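J.: Mind looking over this structure? Questions follow.
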Amino acid sequence: MAVLLPPMYTHSTYWLWAAGFYLLAKVEEAVDKPIYSWTHHIVSGHTIKHLFAAMVPVFFTIMLAKRSIETNRGQRVERWSLHRPKNQALQDAGAVVPTSYEASNHAEAVELNLLIS
């Protein structure tokens, strides 16, 4: 679901950088001995793994320091929306489909009243 919706905060691409460095750290750990022989016994894959793994919190810190709330997210949600035909089909069938977050609270109350009565 998180992939289908636009991010709520800015600078969320730092997650991808952090995941990439974590993946590289795991690869370096797996090829420890070949790296050690390739570097003529100067540095091992385990050492490089720690350097790459240390970058993960660096990217998270940068992301948290730079991020702010996305102000035009509503417009981006409309653009990214993939469920419009489904919502229209539900409305045609008589279901209550909210058009915003505020309307969803009202829709839940209406559904609850229908279930109770």
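Heads up: the sequence shown at position 8 corresponds to 8 in UniProt numbering, and the numbers run straight through without jumps.
Glycine included, each C-beta is placed from N, C-alpha and C at the ideal position.
Quantities reported herein were computed from a predicted structural model and do not represent experimental measurements.
1) Give the secondary structure of Ile48 by DSSP, where H, G and I count as helix, E and B as strand, and everything else as coil.
2) Classify Lys49 as buried or exposed, calling it buried when 16 or more other Cβ atoms lie within 10 Å of its own Cβ.
3) Which word fits Gly94, buried or exposed, when buried means at least 16 other C-beta atoms lie within 10 angstroms of its C-beta?
4) On the premise that Tyr22 lies in contact with Val56, defined as a C-beta separation below 8 Å, what is that separation, rounded to the nearest angstrom?
5) Can you tell me which of the three DSSP states Ile62 falls into?
6) Would you identify the three-state DSSP class for Ile35, choosing helix, strand or coil?
7) Taking the straight line between their C-alpha atoms, what separation do you get for Gly20 and Gln91?
8) Along the chain, where does the alpha helix (DSSP H) containing Gly94 start, and where does it finish?
T.: Let me spell this out:
1) Three-state result, Ile48: helix.
2) Classification of Lys49: buried, given that the 10 Å Cβ count is 16 or more.
3) Within 10 angstroms of the beta-carbon of Gly94 lie fewer than 16 other beta-carbons, which makes it exposed.
4) Here Val56 really is in contact with Tyr22; their C-beta atoms are around 5 Å apart, less than 8 Å.
5) Helix at Ile62.
6) In the structure shown, Ile35 sits in a helix (DSSP, three-state: H, G or I).
7) Straight-line measurement puts the Cα of Gln91 at about 42 Å from the Cα of Gly20.
8) Note, Gly94: premise wrong, no alpha helix (DSSP H); not H, not E.
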